[in-house]
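**Student:**
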């Protein structure tokens, strides 16, 4: 068994959060620049060129790309041959999130309860933390800072088990069509298929962790991702919703076994500021 | 790009047409969800508001904390439709403009025509960019709301697009 002291989580997690809120991953910057180059709609061209300018200013001045520095979403993948020692890992993770949001001058956007009471925790705590066991001795943490302009446009459909791939794609297209310009297109779309309602929702987040130019290993899903991207861009919503060629930068699908009676379809909409990282410990 | 001075005059509002990019200079009031609920509660109770609505432009935004030596942190627009239930009452009391991102409800679009007001689209997600357009930032009400408090900003050449004008036109693309 590999022993890992939980104090090892603090710095890499804090530093990744400090980085992703001011500096987008290369795959996302490349996709945005290429969208800006090929755009023909005058309004969308202006939106994309402002986005490219904004990325440069944020990087140079170390200012958050967007004032919505998000709710922190984490997926801890823990190797089954690893024993964690020291302080409880959840506490270390919480300390790292709070440190990043304080040091980085990020907006604290989390309220203590959805209703009772809806008061700001002033620390951006808690994050949404998922833990998953995986074979081997590797430990990784996937990280996203999730803005809510886009999160609010996410959705879930419980389709019939007899739904065809086309029915599934129609449901996804409908969610993106209804979102119009609100989630800051060009968006990145994470799709979760199968499992139970909650498992599908989690899959739709896990799918977003993949790099934009990454191709799904299963041919049918790879084809579906390509077709969805082209159908979503054909909607014409465009950058900012002002009409244009690029409504989405990428569509990523993740799936798992499900029940004979069901076809859960979850869609997480992410804004162009697709802030994500994976750290390994 | 045409320069527009704030607060807006009725004459200027009539000249604004959906789709036109303009640069705003002057005074903006920052308010979002929780602040809107309070503003409308004050109106309903017949109480005075923390700032005069006549000719005013509200910016739907909640900034990041201000770095040392700067005027404001990252300060891009938030989704406007969340303020749709509150906007018609404010427009009826003289609000002349709003800045945000995303489409508005049919009720807001109709209220813009009825009360001769305008909704501007600001570049979504571009908070670092907009910080350089803000020259003054004063907290004026609801400090307890933290990033949702009401502030008065002075902006210079703050670029936006006329999204919904007082003539009923929209710059947003309607997907088929």
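Chains as they are written, first to last, in this note's numbering: chain U, 12 to 292; chain P, 59 to 234.
From the three backbone atoms N, C-alpha and C, an ideal C-beta is built for every residue, glycine too.
Small disclaimer: the values here were computed from a predicted structure and weren't measured.
Any C-beta of chain P sitting closer than 7 angstroms to the C-beta of residue 283 of chain U?
**Tutor:** Position 272 of the first chain holds residue 283 of chain U. With 7 angstroms as the cut-off, residue 283 of chain U counts as an interface residue toward chain P.
**Student:** Mapping DSSP to helix, strand and coil, what is residue 178 of chain U?
**Tutor:** Here the question's residue 178 of chain U lines up with position 167 in the first chain. DSSP places residue 178 of chain U in helix when its eight states are reduced to three.
**Student:** Quick one: complete alpha helix (DSSP H) runs, 4+ long, within the region 102-181 of chain P?
**Tutor:** Those alpha helix (DSSP H) runs which fall completely within the region 102-181 of chain P and span 4+ residues are 145-150 and 164-173.
**Student:** For residue 1 of chain U, I'd like the list of residues in its chain whose CB is within less than 7 angstroms of its CB, leaving aside the five on either flank, ordered along the chain.
**Tutor:** Only positions 12 to 292 of chain U appear in this structure, which leaves residue 1 of chain U out of reach.
**Student:** Is the number of C-beta pairs between the region 68-83 of chain P and the region 205-219 of chain U that are closer than 8 angstroms three or more?
**Tutor:** No, the region 68-83 of chain P is not in contact with the region 205-219 of chain U.
**Student:** Just tell me which of U/200, U/143 and U/140 has its CA closest to the CA of residue 221 of chain U.
**Tutor:** As a working mapping, residue 221 of chain U is identified with position 210 in the first chain. The candidate whose alpha carbon is nearest that of residue 221 of chain U is U/200.
**Student:** Provide the residue(s) that pair with residue 60 of chain P in DSSP beta bridges, ordered along the chain.
**Tutor:** In the second chain, residue 60 of chain P corresponds to position 2, counting from 1. Looking at the DSSP assignment, residue 60 of chain P forms a beta bridge with P/80.
**Student:** Decide if residue 215 of chain P is buried, meaning its Cβ has at least 16 other Cβ atoms within 10 Å, or exposed.
**Tutor:** Taking the first residue of the second chain as 1, we reach residue 215 of chain P at position 157. By the neighbour-count rule (16 or more Cβ atoms within 10 Å), residue 215 of chain P is not buried but exposed.
**Student:** Can you tell me whether DSSP reads residue 153 of chain U as helix, strand or coil?
**Tutor:** Your numbering for residue 153 of chain U matches position 142 in the first chain. Residue 153 of chain U falls in the strand class under three-state DSSP.
**Student:** In chain P, which residues lie with their C-beta within 8 angstroms of the C-beta of residue 75 of chain U?
**Tutor:** In the first chain, counting from the first residue as 1, residue 75 of chain U sits at position 64. Within chain P, the residues near residue 75 of chain U are 122, 131, 132, 185 and 186.
**Student:** Does any residue of chain U have a CB that is nearer than 7 angstroms to the CB of residue 204 of chain P?
**Tutor:** Position 146 of the second chain, counted from the start, is the residue given in the question as residue 204 of chain P. Yes, residue 204 of chain P counts as interfacial toward chain U.
**Student:** State the start and end residues of the unbroken beta strand (DSSP E) segment that holds residue 217 of chain P.
**Tutor:** Mapped onto the second chain, residue 217 of chain P falls at position 159. From DSSP, the beta strand (DSSP E) with residue 217 of chain P extends over 208-222.
**Student:** If we count the other Cβ atoms within 10 Å of its Cβ and call it buried at 16 or more, is residue 172 of chain P buried or exposed?
**Tutor:** Residue numbering aside, residue 172 of chain P sits at position 114 when the second chain is read from its first letter. Burial call: exposed.
**Student:** Compare the Cα-Cα distances from residue 236 of chain P to each of P/62, P/88 and P/152 and report the closest residue.
**Tutor:** With chain P running from 59 to 234 in the structure shown, residue 236 of chain P is simply not present.
**Student:** If the cut-off is 8 angstroms on Cβ atoms, which residues from the region 208-220 of chain P count as contacting chain U, listed in chain order?
**Tutor:** Taking 8 angstroms as the Cβ-Cβ cut-off against chain U, the residues of the region 208-220 of chain P that qualify are 217 and 219.
**Student:** Enumerate in chain order the residues of its own chain whose CB-to-CB distance from residue 162 of chain P is below 7 angstroms, with the five nearest sequence positions on each side excluded.
**Tutor:** By one-based count along the second chain, residue 162 of chain P stands at place 104. Cβ neighbours of residue 162 of chain P beyond the five flanking positions: 138, 139, 142, 177 and 222.
**Student:** Are the beta-carbon atoms of residue 111 of chain U and residue 28 of chain U separated by less than 7 angstroms?
**Tutor:** Stepping through the first chain from its first residue, residue 111 of chain U is reached at position 100. Stepping through the first chain from its first residue, residue 28 of chain U is reached at position 17. Cβ atoms of residue 111 of chain U and residue 28 of chain U: closer than 7 angstroms.
**Student:** Could you tell me which chain U residues have their CB closer than 9 angstroms to the CB of residue 165 of chain P, listed as they occur along the chain?
**Tutor:** Within the second chain, residue 165 of chain P is the residue found at index 107, counting from 1. Residues of chain U passing the Cβ test: none, with the nearest at roughly 16 angstroms.
**Student:** Which whole-angstrom value describes the C-beta separation of residue 126 of chain P and residue 154 of chain P, a residue pair presumed to lie in contact below a C-beta threshold of 8 angstroms?
**Tutor:** In the second chain, counting from the first residue as 1, residue 126 of chain P sits at position 68. In the second chain, counting from the first residue as 1, residue 154 of chain P sits at position 96. Their Cβ separation, rounded to whole angstroms, is 35 angstroms, which puts residue 126 of chain P and residue 154 of chain P out of contact at 8 angstroms.
**Student:** Please identify the residue among U/106, U/82, U/73 and U/250 whose C-alpha is closest to the C-alpha of residue 51 of chain U.
**Tutor:** Numbered from its first residue, the first chain carries residue 51 of chain U at position 40. Answer by Cα proximity: U/250.
**Student:** Would you kindly work out how many angstroms separate the C-alpha atoms of residue 36 of chain U and residue 102 of chain P, rounded to a whole number?
**Tutor:** For this step, residue 36 of chain U is matched to residue 25 along the first chain. For this step, residue 102 of chain P is matched to residue 44 along the second chain. The straight-line gap from Cα to Cα measures roughly 47 angstroms.
**Student:** Quick check: is the beta carbon of residue 229 of chain P nearer than 7 angstroms to any beta carbon in chain U?
**Tutor:** For the purposes of this step, residue 229 of chain P is taken as residue 171 along the second chain, with counting starting at 1. Residue 229 of chain P counts as touching chain U.
**Student:** Can you find a C-beta in chain P that's less than 7 angstroms from the C-beta of residue 24 of chain U?
**Tutor:** For the purposes of this step, residue 24 of chain U is taken as the residue at position 13 of the first chain. Judged by the 7 angstroms Cβ criterion, residue 24 of chain U is not in contact with chain P.
**Student:** Going by DSSP, name the residue or residues bridged to residue 87 of chain P.
**Tutor:** As a first step, residue 87 of chain P must be located in the second chain, where it is residue number 29. DSSP, once it has assigned bridges, lists P/116 and P/210 as partnering residue 87 of chain P.
**Student:** Tell me, which residues are paired with residue 84 of chain U by DSSP?
**Tutor:** In the first chain, residue 84 of chain U corresponds to position 73, counting from 1. According to DSSP, which records beta bridges pairwise, residue 84 of chain U is partnered with U/139 and U/155.
**Student:** Quick one: which unbroken beta strand (DSSP E) runs of 3-plus residues sit fully inside the region 54-131 of chain U? Chain order, please.
**Tutor:** You should have 82-90 and 93-96.
**Student:** Would you mind telling me which residues of chain P sit closer than 9 angstroms to residue 221 of chain U, beta carbon to beta carbon, in chain order?
**Tutor:** To locate residue 221 of chain U, count along the first chain from 1; it is residue 210. Neighbours of residue 221 of chain U on chain P: none; closest Cβ ~21 angstroms, over 9 angstroms.
**Student:** In three-state terms, what does DSSP make of residue 144 of chain U?
**Tutor:** Position 133 of the first chain, counting from 1, holds the residue named residue 144 of chain U. Three-state DSSP puts residue 144 of chain U in a strand.
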